[in-house]
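Using the numbering used here, the first residue of the sequence shown is number 143, and each one after it goes up by one. Built from N, CA and C at the ideal position, the CB exists for glycine as well. Nothing here was measured: the structure is a model prediction, and the numbers come from that model. Right, one structure below, let's go through it.
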Amino acid sequence: MTFLVSGSTIASAKTIELSKWQFKGSQDLRGAELTDFNDRSWETVNTPHSWVKNTSQKYDKYKAAWYRSTFSLSESNRTKIVYLFFERASLNSTVYCNGQEVGKHRGGYTSFIFEITDYVHWDKPNLVAVKLSNAQDLRAMPANSHGGLWGRVQVIVKSPIHIDPTYYAASGVFITPQEVSVTRAALRVKTLLRNRGGIPAQVHVKQTLFGDDEQPAIPATHHSVQLAAQGSAAIEHVMDVENPTLWVPEKPYLYSLKTEVFVDDVIVDTLIEKTGIRKVAITEEDFFLNDSPLKLYGACYCHPTNETLGAALTDEALRFDLDVMKNDLGFNAVRFSHWPFPKAAYQRCDEIGLISMVENGYAWHEDIEIGPEGDRLVKEMIYQAWNHPSIAFWSSGNENPHPGYYHYAQVIRATDQSRIVTCVDDQNDFLTKGEGVVRVPNKHHDAVFQNKYHGWRDSVTPWDFESFFKRFHHIGEIGGGSLRTNHQPYFSTDFLRSKFEPEEWLQLIYEAFLQTAFVTQPDDVDALFVWQYRDIFSSKYKGYNTKGLFAAGQFKKDTCILYQSFIRPETPIMRIVGKHWYVRRGEDDLKVYGNSRQVRLTVNGQNLEPRTNGQYRHRPYKDQIVNNVFYWQDALRMGRNNIHVEDEQGNVDSTVIYLGDKHYNLPSSHEYPIKNLSSANPLNQAVYIDMSPQDNWPVYLCAGDVRQTGQEADNTYMRIPEILNESTMIVTKRQSDPKLVSDITFEVTKPEGLTVYVMASGTAFPPSLKEAGFVDTGVVSRWRDNNSVPVASKIYRRDARPRDELIIQIGSRDWAIYLK
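Now the structure itself:
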């Protein structure tokens, strides 16, 4: 079988994948749709592709771009019908075949399809050209987007009589569970047929429902219909399933419906759709799955979120992220914000048991036009994802004026009555009336999810979630931002969005709302989606919206561990907080996240008093108790701290943290392989760290509060090159800061000598290193600069003997020293 779209298979059609394209970004290019246009100088790319790859490009590298690809058809298929299917193309598309325009599509997040039978050649190659506009379009939802050919493109060759793929570019078979119970379920099945031939035909349709054991679950159904020439028809019927296996997150059971189309006893088309049997409902108090209340815990999944792929997430990348949510973090739900996702995402949710909310793209921009184009995009979203049991909610918009919420809720309701209709709002003004009485607009929505950022965007404390949760039980977004290189003392409540976003402040926010949602007021919170799964490209801090549970590079933040510890109380979870904050100045307290009953701490072999779960308190906020946090004051000593934590079940974690004075001065040791380490710039202290660099950890000494120091050190590693494994580090402040540029001097004391490595941004050999006896290793790597942009770096090497004195001077670029 070959895939038509994820979740649907077609056996009797020929499918040609157009995966390789010639690409050119240009607002001014003309004539690229023509067959004799010369594109040999263009870049060759594979789909999915986006021309926005990192934060520095934002949205506006190009306002338009062209893609060109070719395919050939067999003469034996001359009597067939040919379609051109696009999974996703952003933002607005104009499609050409052999120089002729075949259609346009507005909107970058839903699929579209054109019949191109009248445009193709059977005796020579065919050209497909696509012009994409990335300019703001208020008739699209959303109105802005990262440009690119984001999904698969397929040429589909079918018999003249076939299951119709042109109805909102959906599969043509729609399965709706009705009257669902453990003893019986009714599946309403609607099948769309199309006859593109010149003569009428009697068509027979056989449909068989299979269980996951690949055996028929019920007897096959048979229906016949007369299809007129150039006509279409729909077959609709109900399949009764006795004692169905219902779809639930713990056991996401999937059935397969096989549809076979016959003409004169010959199969002319086949389609297999997977689905599940379940029903969903919601009240002001509870979400119900199969008549049982279920609390939903998860995160918003907003992309582009992958720093290497940008917006062009592959199916494999989507599945990886969703598997992490389900299997690692323990989520049972995900909110796909703020627009429809590829079918591969929904299919994976079906398979692993993640209940989903899917949003239509009516987000943020108050001038987005409400009307027919938006209606079409909403229907494309619904029909293309119709058969996915994981989708429980359709959202009519996010943080946008209310008329669009209401309008698109009615479009959703008229299209699909089997799911919950909601929207996600951040103002609460149309939900409340009088003294805190919730008034859900039932005429249009079944429930409204709320976005709230107490302690982050609102001038209230994190503990104000106690009163908020009493009023609003469905949370669409919650949380705050942090950068892995921004730090301040624990319990400090000072921060500044997009200028200084310390991890320690975000920890206080998470500790407060998680304690409220899971311990003190669990009955008040029925659905909780934190914002968000991973940091995403944005015009905010360092090119990112930093509110993710993961940062770029799949770096798991400590707040993610805390959330995980509450969601999965039966799974032992324990982590020393701030392990990547490996050189500190003055901050000698230590924190551990976990769900153990008690945790023991050892520092440099000395046992400190154990801490019991529930003992930790929020000092700034009336000593509020927070579970799953273990805290020791004055735990660290000056210099190297070997830290080990263990619980009663034998679960352990360990790390090394260095503590210096306010200038990062550390006690020296005769065991160090170097001595007389000094920096030529008094503003840039150099310290020796007897530990190895780690993937995604900071490169430099953390600058602390940039508002006070004027210094930044937000560079981070990506993947540590193998050549630096088991090396130790000489750490400085950021060398690309002109105020901090410094030569570094040290003497080798290790009897057998050292290999000294310098990793420097760029690929040109620094003359000063060559003069100092370094050689080029040829190892090219990547790390993130101070603006969080991945940049190339190269590694240089020198073998040094005992008593060799090295003076390393490179100048104002990012560089660092490693010893081995």
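*Leaving out five residues on either side along the sequence, give the residues of the same chain with a beta carbon under 7 Å from the beta carbon of lysine 804.*
Only Arg727 and Gly728 meet the Cβ criterion.
*Run the CB neighbour count on serine 821, radius 10 Å, all protein chains shown included, and call it buried at 16 or more, exposed below.*
Classification for serine 821: buried.
*asked:* Here's a check: name, in chain order, each residue in its chain whose Cβ is nearer than 7 Å to the Cβ of serine 707, leaving out the five neighbours to either side.
replied: The residues Ile715, Tyr735, Gly736, Asn737 and Asn770, in chain order, have a CB closer than 7 Å to that of serine 707 in the same chain once the five nearest residues on each side in sequence are set aside.
*In angstroms, rounded to a whole number, what distance separates the CA positions of threonine 333 and proline 435?*
Their Cα atoms are separated by approximately 33 Å.
*Which same chain residues, not among the five before or five after alanine 343, have their C-beta less than 7 Å away from its C-beta?*
Ile303, Asn337, Leu369 and Val405, listed in sequence order.
*Is the region 466-476 touching the region 411-428, taking contact as three or more C-beta pairs under 8 Å?*
No, the region 466-476 is not in contact with the region 411-428.
*Determine the direct distance from the alpha carbon of threonine 744 to that of valine 787, and round the result to whole angstroms.*
Valine 787 and threonine 744 have their C-alpha atoms spaced approximately 6 Å apart.
_Please tell me whether aspartate 465 and tyrosine 443 are closer than 8 Å, where the distance is taken between their beta carbons._
Taking C-beta atoms as the reference points, aspartate 465 and tyrosine 443 fail to come closer than 8 Å.
*Does the distance from the CB of proline 880 to the CB of asparagine 857 come in under 8 Å?*
Contact flag unset, no.
*Do valine 299 and alanine 454 have their C-beta atoms within less than 8 Å of each other?*
Result no, Cβ atoms of valine 299 and alanine 454 do not sit closer than 8 Å.
*How big is the Cα-Cα spacing for proline 664 and tryptophan 506?*
The straight-line gap from Cα to Cα measures roughly 31 Å.
*Between lysine 612 and the rest of its own chain, which residues show a CB-CB distance below 8 Å, the 5 nearest in sequence each way excluded?*
The beta carbon of lysine 612 sits closer than 8 Å to the beta carbons of Gln663 and Asp666 from its chain, once the five residues preceding and following it are set aside; these are given in chain order.
*Own chain, CB closer than 6 Å to glutamine 951, minus 5 neighbours either side, in chain order*: Short of 6 Å from the beta carbon of glutamine 951, and not among the five residues preceding or following it, lie these beta carbons of its own chain, in chain order: Asp885 and Ser910.
_Pick from Ile678, Ala958, Glu415 and Asp730 that is closest to threonine 887, judged by C-alpha positions_ = Comparing Cα positions, the closest option is Ala958.
*Rounded separation between threonine 252 and glutamate 653 - CA only*: It is roughly 38 Å from the alpha-carbon of threonine 252 to the alpha-carbon of glutamate 653.
*Buried or exposed: where does glutamine 559 fall if 16 or more other Cβ atoms within 10 Å of its Cβ makes it buried?*
Flag for glutamine 559 reads exposed.
*Helix, strand or coil at cysteine 702 according to DSSP, with G and I counted as helix*: Of the three classes helix, strand and coil, the one that applies to cysteine 702 here is helix, per DSSP.
*Same chain, Cβ closer than 6 Å to tryptophan 528, neighbours up to 5 away in sequence not counted*: Taken in chain order, the residues that qualify are Phe316.
_Beta-carbon contacts of serine 192 that lie in its chain and below 6 Å, excluding the five residues immediately before and after_ = Only His288, Gly290, Gly452, Ala453 and Ala454 meet the Cβ criterion.
*By Cβ distance, which residues of its chain are closer than 6 Å to arginine 943, with the 5 residues on each side in sequence left out?*
Closer than 6 Å at Cβ, skipping near neighbours: Gly895.
*In whole angstroms, what separates the C-alpha of alanine 441 from that of lysine 266?*
Near 50 Å, if we compare the C-alpha coordinates of lysine 266 and alanine 441.
*Which residue from Ala828, Gly690, Tyr842 and Asp668 puts its Cα closest to that of histidine 722?*
Considering only alpha carbons, the answer is Tyr842.
*If you run the structure through DSSP and keep just helix, strand and coil, what is histidine 365?*
Here histidine 365 sits in strand by DSSP.
*Throw me the rounded Cβ distance for the alanine 589 and arginine 561 pair, which I believe falls under 8 Å.*
Beta-carbon to beta-carbon, alanine 589 and arginine 561 are separated by about 12 Å, too far to satisfy the 8 Å threshold.
*Tell me the DSSP bridge mates of histidine 616?*
DSSP, once it has assigned bridges, lists Ala669 as partnering histidine 616.
_Stretch pair the region 531-547 + the region 267-274: three plus CB contacts closer than 8 Å_ = Too few Cβ pairs lie closer than 8 Å, so no.
*asked:* DSSP has asparagine 963 in a bridge; who is on the other side?
replied: Outside the shown range of the chain (143 to 962) lies residue 963, about which nothing can therefore be said.
*Can the beta-carbon of methionine 901 be found closer than 8 Å to that of threonine 870?*
Annotated as distal: methionine 901 and threonine 870, with beta-carbon spacing of 8 Å or more.
*Which residues in the same chain as serine 366 place their Cβ atom closer than 8 Å to its Cβ, once the five residues preceding and following it in sequence are excluded?*
The answer, listed in chain order, is Gln344, Val345, His346 and Val347.
*Count the other C-beta atoms from every protein chain shown that fall within 10 angstroms of the C-beta of glycine 781, then say buried if there are 16 or more, exposed otherwise.*
Of the residues assessed, glycine 781 falls on the exposed side of the cut-off, its CB having fewer than 16 other CB atoms within 10 angstroms.
*Identity of the residue in Lys393, Pro835 and Ala362 nearest glutamate 493 by Cα*: Considering only alpha carbons, the answer is Lys393.
*To the nearest angstrom, how far is it from the Cα of serine 634 to the Cα of tryptophan 647?*
About 7 Å.
*asked:* Please return the same chain residues whose Cβ sits closer than 7 Å to the Cβ of arginine 945, not counting the five positions on each side in sequence.
replied: Taken in chain order, the residues that qualify are Glu889 and Val890.
*Where are the beta strand (DSSP E) runs, 3 residues long or more, that stay fully inside the region 241-328, in chain order?*
Taking only runs of at least 3 residues, the beta strand (DSSP E) segments lying wholly in the region 241-328 are 242-248, 254-257, 268-275, 295-300, 303-305 and 315-320.
*In terms of DSSP beta bridges, what is phenylalanine 772 paired with?*
Bridge partners of phenylalanine 772: Val734.
_Three-way DSSP call (helix, strand, coil) for isoleucine 510 in this model_ = Residue state, collapsed to three classes: coil.
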